[in-house]
Each structure stands twice: as C-alpha cells, then as structure tokens.
Amino acid sequence: MHRFQLEFVPHHSQHMNFVFFGKCKNPDIKVKETDEKEKLRWFNKKEVLGDPVMLESVRKSALVALEAIKT
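Its first residue numbered 402, the sequence shown is counted upward by one per residue in the working numbering.
Structure, rendered in structure tokens:
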C-alpha cells in the first residue's frame, strides 16, 4: 500500500513524500536498521498516539497504515 503526501515548505515551495507501508511476512525477524544503517522502530497504535515527539504528519500516516493492515 502507499500514500502520497504533499507538504508546503517555507522558501522551497512544496515537498512530496511517497509513503509506502506493508506487513512483515515473518514477525519473528527483528529488523532494527535499514541497509543504510538508519534506525528503525516498530510502533503499536497506543505508542503512535502517545509519542510526544512524533510529527503530526508521521502520526497520521502511521495511523492510516495501522488501520490498513487490520484487514
């Protein structure tokens, strides 16, 4: 699944994000970073709603993703 997000950035006009999300085939595999060594973290709905530093745009995308994977 995917989502397109358009943000207005001061002095740069617009920023486009293509947000992709999916479901792990094997939840026992614990991936903690990307191939480029970027840190990864998994969230449940309660953690998404309660994270005090998460950007609202990220929170919104995370909630959409969590809702989509229910089915």
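We put the CB at the ideal spot given by N, CA and C, even for glycine.
Check                                                                                   : Outcome
So, helix, strand or coil for L407, using DSSP?                                         : strand
Please name the residue or residues paired with E434 in a DSSP beta bridge.             : K440
What residues are listed by DSSP as bridge partners for S462?                           : Paired residue(s): none; S462 is not in a bridge.
In angstroms with no decimal places, state the Cα-to-Cα distance between V410 and E457. : 15 Å
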